Amino acid sequence: MYSKYLQSRHDLCLELVARLNKIYPYAAILGKHVSGSTIRVSSTITSVSDTMEKQCGFVAKIYNGRTYSEYSFSDISEKTIDKLEKEIIKKTALDDELLNNHVDVKVMKDEPLKEDFYRPVEGKIFSKEEIIARLREILARTHSYSEKIAFCMSIFTHYETSALFVSKNRDLTQNYTWMNVILVPFAREGGNMKSSRCVGAYNSYEESFRYVEEHLEETAQTAIDLLSSTLIKPGVYDIITDPTITGLIAHEAFGHGVEMDMFVKNRAKSMHYLNKEVASPLVEMHDGASAVLSAASYFFDDDGVLAHDTLIIKEGILQTGISDEVSALQLGTEPTGNGRRESYKRKAYTRMTNTFFSKGNDKLEDMIKSIKHGYMLFETDNGMEDPKNWNIQCVCAYGKEIKNGKFTGKIVAPVVMSGYVPDLLKSISMVSDEFEVIGSGHCGKGYKEWVCVSDGGPHLKARCKLS
Amino acid sequence: MKKLLRVLNKSKGVSAYKINVKETESCELFYVGKKLETNRASNVIDYEVTIYVDKDEQRGNASFTYYPYMDEKEIKEKIADAIFSAGFTLNKFYELPSPTEVEIKEPETNLNKKSFNKLIKAVEKAVFKADKYHDGYLSATEIFLYKIKSRIVNSKGVDISYLTYQGNIETIPSWRRKGEEVEVYNMSKFSSFDPKEIAKEIKEVLLLAKDRSRAKKLNVKRLPENVKIIIQDEEVEQVFRDFAMDLNYSLIYQKMNLKNVGDNLQGEDVSGDKLNLKAVPNYPNAMNSCPVDDDGVVLKEVELVKDGVALNTFGPYRFGYYLGVEKPTGNLPVMVVKEGKKTLEEMERTPYIRCIRFSGMQLDHHSGFIGGEVRLGIYFDGKKTYPVTGFSIAGHFDKIKGKIVYSQETATRPGYHGPKYLELPDMAIV
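So the protein lines, in turn, are chains A and L. For the first sequence, counting from 1, position 229 maps to 229 in our numbering; every step adds exactly one. Throughout, our numbering is defined as the position within the second sequence, counted from one, plus 467.
Right, dumping it as structure tokens:
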């Protein structure tokens with residue numbers, strides 16, 4: 001349900017925008033209220049807290065005719081609106097030295113739109129009691145799977161986002177939900193301890209739990225199998241990715257490089273490759289809050305721009321990037337609904353949403369059969385972008401060895417994929433007909449500004465350096 | 468806050484409570500090249516309330532966010548929901564910390580001597596003073612100044628407030644060479660402003676970008692035998708944090724630690740420098756310094772490791788209580804490690820690769836994997852040095868932790884003071 005609090009402040013925000021519009025050519029206010037809970041049940045501790053994404057507050061954005069300024073604040077009321085107006089004017093004021101040394105940026109288009117958007121939870125809403133009982137059941141089943149499971153965590157996290165965006169011509173509200181169930185079993189043999197992970201991420205309590213419950217034994221067995229894992233012999237191998245690793249490649253290898261605030265700063269190599277070949281002709285890549293239903297699906301972004309589905313790569317050719325509104329104004333392009341903030345306390349940047357490769361026509365079994373010696377890589381650990389120089393580092397939790405088209409039973413962990421992005425993307429030779437987007441990720445810009453994202457796609461066959 | 472306390476103190480079913488308040492003022496500038504794109508300011512406040520419910524010698528807890536807009540009815544609803552939740556989270560009983568006599572001093576910083584609007588211009592000047600190269604420049608810069616007032620209140624009488632000041636500068640130094648451009652990433656964090664230090668650091672990172680522009684792909688097949696790996700700064704801190712992990716109450720209580728007090732954390736055969744490690748509340752210009760932790764525990768220095776042998780444990784009050792520790796240390800924010808005897812110059816007399824920028828070094832505590840892709844390194848083949856790129860390193864931490872050599876040079880980071888460089892043996896280079 002849309003936040004009663006934001007609803008109660010809606011008219012005050014309109015009033016403040018009207019006052020600021022008397023002074024500035026453009027003014028807008030974004031209000032954000034994210035609530036929800038995180039429930040953790042482990043072998044030793046149970047805890048309940050507010051969701052990590054929790055926030056409630058506002059940010060005012062103004063254009064002084066030369067640059068954009070912002071002021072973040074926690075509350076607005078009839079008593080404080082006068083003081084707040086003065087505070088915004090005072091705290092965002094720039095002296096001549098700063099004001100005369102600015103980028104060339106125009107005023108926001110501010111096209112008229114008034115709309116309320118709503119995406120409720122699908123199916124039954126579970127009570128905290130039901131959630132804890134189900135998490136405990138998952139935990140008990142995981143422990144009973146094997147004595148080697150020494151420790152286990154099951155986590156439920158749910159967040160409900162309400163946002164309002166008001167400017168002179170725009171008056172938007174939205175409300176949507178998302179949730180994750182996560183299982184992390186740790187297997188132990190003496191001093192050797194290994195973990196695995198399973199995530200159910202849907203806009204449904206039942207589906208999120210069911211996914212983990214259906215994959216529980218497989219997840220526990222993976223942790224046990226990892227006890228006998230070794231480090232890989234470093235080298236260049238044929239690989240097959242699972243959808244999480246496919247998503248990691250889409251996100252880290254290429255997605256960050258097409259964030260167009262990087263174009264503005266001359267930080268993205270991809271800006272020189274528009275309409276050029278960057279990947280195998282089998283590759284199609286999308287990003288967009290409306291591209292699929294997942295963790296980063298919203299109706300409008302933090303600039304008040306409606307959600308898009310952006311086709312980034314088509315048949316291996318780079319089509320376009322994604323952008324927030326201020327970057328688009330500097331580049332003379334259209335914003336793509338990718339202006340996102342970590343919270344109302346932080347600046348909006350161009351950020352990915354749901355990023356994925358499209359599915360192809362190959363069967364996974366044929367892909368495995370085609371490998372003479374290589375690895376199938378599983379489960380994203382982390383990755384790091386390098387948009388200017390297109391180096392790639394993707395860390396996979398583990399890999400399974402394939403020889404002469406069959407799994408040998410040997411597991412290596414962890415596995416670091418590295419190399420040059422176009423080499424990796426051009427090496428893609430098979431794309432499976434299966435497709436999955438995993439909606440449980442968090443992404444930073446550089447080393448900060450964390451937002452919820454999803455990524456995924458089909459299985460890919462490629463070739464790259466593993467260590 | 469008064470309203471919240473009044474309702475909390477009247478609430479039946481609340482056995483204890485804790486409130487953490489963080490009030491943040493910020494001043495921020497965002498540049499594209501040397502031109503201002505956006506300026507920001509903020510004045511925000513966050514309240515985190517934890518309530519505790521005791522039942523059958525057990526204690527449950529649940530936390531919620533309080534917003535100043537809430538009226539008494541809304542606060543009561545939040546508390547009732549938290550009591551309900553806490554009833555499902557009954558864990559082993561633990562006390563909250565009691566008040567301790569402590570004098571909280573004003574932080575030693577110059578960030579409180581001028582208004583942020585004036586100060587941020589001085590920071591901006593120091594940053595761009597170093598941006599003076601024909602082929603090198605800062606493609607993007609973000610400057611943040613924060614004043615943070617933290618307060619911890621609990622139902623046992625703890626009520627402590629303290630101020631911290633922080634500065635962050637994110638820069639992207641770039642360098643043009645033969646029609647191509649490269650960049651490196653840099654984040655400076657400080658609790659006191661020294662324009663000369665900032666200008667020096669920016670100059671250094673611009674020259675790193677120059678090195679990266681000249682860097683050639685490392686030919687790993689032509690490396691001399693026994694070429695050593697040297698890591699620095701952030702990755703050095705990561706290594707020492709991994710050593711300390713097994714001594715944290717939380718890991719010990721959950722039986723996830725691999726070593727115990729009395730064990731030699733470096734293994735039996737130590738040929739490298741011996742580890743001496745302390746956890747401390749504050750260290751000059753270590754930005755994470757603070758006098759108390761989030762539970763209200765007044766922090767004091769603890770010697771954790773002496774000559775490689777684990778002496779003490781540390782960590783959150785609750786897990787310390789569970790383990791029967793008489794005076795749990797609380798979460799100490801800064802680690803101090805004793806430096807080694809060898810200088811960088813001595814380390815670099817024989818063939819080496821010094822890894823200057825990783826994509827992100829991985830160090831997995833349980834698998835022992837250490838390694839990652841190196842974006843910029845300096846390679847010395849015994850005769851000449853070259854900037855190199857396009858390679859990865861990999862090793863097994865358990866097998867090398869007794870052989871690591873610590874530098875005499877030290878570095879201070881937000882949560883660390885100690886050796887600036889480490890010499891890692893037996894690493895695969897691919």
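From the three backbone atoms N, C-alpha and C, an ideal C-beta is built for every residue, glycine too. What you are looking at is a predicted structure, and each value in this text was computed from that prediction instead of being measured.
Which runs of the beta strand (DSSP E) at least 3 residues long sit entirely within the stretch 329-356 of chain A? Give them in chain order. Taking 3 residues as the minimum length, the stretch 329-356 of chain A contains no beta strand (DSSP E) run wholly inside it.
Quick one: does E562/L have its CB under 8 Å from some CB of chain A? When Cβ-Cβ separations below 8 Å define contact, E562/L makes no contact with chain A.
Can you tell me whether DSSP reads I232/A as helix, strand or coil? Here I232/A sits in coil by DSSP.
Okay, do the stretch 617-627 of chain L and the stretch 483-491 of chain L touch, 3+ Cβ pairs below 8 Å being the bar? Short answer: they touch.
Less than 8 Å between the CB atoms is what I'm expecting for I182/A and S162/A, so what's the real figure, rounded? By a beta-carbon distance limit of 8 Å, I182/A does not contact S162/A. Their separation comes to about 24 Å.
Give the single residue among K677/L, F531/L and G603/L whose Cα lies nearest to the Cα of I550/L. Closest by C-alpha distance to I550/L, out of K677/L, F531/L and G603/L, is F531/L.
Among A253/A, K363/A and K265/A, whose alpha-carbon lies nearest the alpha-carbon of G500/L? Comparing alpha-carbon positions, the option among A253/A, K363/A and K265/A lying closest to G500/L turns out to be K265/A.
In the DSSP assignment, find the unbroken beta strand (DSSP E) run with L30/A in it and report its ends. For L30/A, the enclosing beta strand (DSSP E) begins and ends at Y26 to S35.
Residues bridged to M654/L [DSSP beta-bridge criterion]: M654/L is bridged to E637/L.
List, in order along the chain, the chain A residues whose C-beta lies closer than 9 Å to that of Y720/L? Chain A residues near Y720/L: T44 and I45.
Counting only beta-carbon separations shorter than 8 Å, does A150/A have a partner in chain L? Residue contact with chain L for A150/A: present (Cβ-Cβ distance below 8 Å to some residue of chain L).
On the DSSP bridge list, what partners appear for Q875/L? Assignment of beta-bridge partners to Q875/L by DSSP yields no partner.
Taking the alpha-carbon positions, what's the Y652/L to V694/L distance? In this model, Y652/L and V694/L are separated by some 27 Å (Cα to Cα).
Looking at A201/A and I149/A, is the spacing between their C-beta atoms short of 8 Å? Contact: no.
So I665/L and V590/L are supposed to be a Cβ contact under 8 Å. How far apart are they, rounded? Contact holds; Cβ gap of about 7 Å.
Nearest CA to the CA of S280/A: which residue from D11/A, D423/A and P387/A? When each option's Cα is compared against that of S280/A, the closest is D423/A.
Where does the unbroken beta strand (DSSP E) through M384/A begin, and where does it stop? Membership of M384/A in the beta strand (DSSP E) is indicated by the continuous run H373 to M384.
Any Cβ of chain B within less than 8 Å of the Cβ of A711/L? Of the protein chains in this structure, namely A and L, none is chain B.
Minimum C-alpha distance to L766/L - residue among E840/L, Y536/L, K851/L and N755/L: If we check each option's Cα against that of L766/L, N755/L comes out closest.
Using a Cβ-Cβ distance cut-off of 8 Å, determine whether D303/A contacts chain L. Residue contact with chain L for D303/A: absent (no Cβ-Cβ distance below 8 Å to any residue of chain L).
Quick one: which residues of the stretch 818-851 of chain L get their C-beta closer than 7 Å to a C-beta of chain A? List them in chain order. If the cut-off is 7 Å between Cβ atoms, the stretch 818-851 of chain L has S826, G827, Q829, D831, H833, S834, F836, G838, G839, E840 and R842 near chain A.
Going by alpha carbons, who is nearest to I73/A out of E544/L, Y534/L, K545/L and D521/L? First, the residue type needs correcting, since residue 73/A is Phe and not Ile in the sequence shown. Answer by Cα proximity: Y534/L.
Is it buried or exposed, D713/L, if we count other Cβ atoms within 10 angstroms and call 16 or more buried? Counting Cβ neighbours within 10 Å, D713/L comes out buried, since at least 16 surround it.
Check whether chain L comes within 8 Å of Y24/A, counting only Cβ atoms and requiring the distance to be less than that. The beta-carbon of Y24/A is placed no less than 8 Å from the nearest beta-carbon of chain L.
Under 8 Å between beta-carbons, which chain A residues line up against H863/L? List them in chain order, please. Against chain A, the beta carbon of H863/L has neighbours under 8 Å at L231, listed in chain order.
If you follow the beta strand (DSSP E) that H10/A is part of, which residue opens it and which one closes it? Careful: H10/A lies outside any beta strand (DSSP E), inside the alpha helix (DSSP H) at K4 to N21.
Is H373/A buried or exposed, if buried means 16 or more other CB atoms sit within 10 Å of its CB? By the neighbour-count criterion, in which a residue is buried when 16 or more other Cβ atoms sit within 10 angstroms of its Cβ, H373/A is exposed.
May I have the straight-line CA-CA distance separating P818/L from S144/A, to the nearest angstrom? If you draw a straight line from the Cα of P818/L to the Cα of S144/A, it comes to about 53 Å.
Using the Cβ count rule (16 or more neighbours within 10 Å means buried), how would you classify A27/A? Looking at its Cβ environment, which holds 16 or more other Cβ atoms inside 10 Å, A27/A is buried.
Using a C-beta to C-beta distance shorter than 7 Å, which residues of chain L count as neighbours of E129/A? Result: F555.
Please report the residue range of the beta strand (DSSP E) in which R708/L lies. First-last for R708/L: E701 to M712, but that is the alpha helix (DSSP H), not the beta strand (DSSP E).
If you measure between the beta carbons of I29/A and V236/A, is that distance less than 8 Å? Contact: no.
Show which residues of chain L have a CB atom less than 8 Å away from the CB atom of T142/A. Ordered by position in chain L, no residue passes the 8 Å Cβ test against T142/A, which lies about 15 Å from the chain.
Could you confirm whether any beta carbon from chain L is found closer than 8 Å to the beta carbon of Q393/A? By this cut-off, Q393/A is an interface position.
Short of 8 Å Cβ to Cβ, which residues in the stretch 633-650 of chain L face chain A? Correct list: E637, I639, S641, E648, V649 and E650.
Does the separation of the CB atoms of G456/A and M352/A fall below 8 Å? The answer is no: Cβ separation not under 8 Å.
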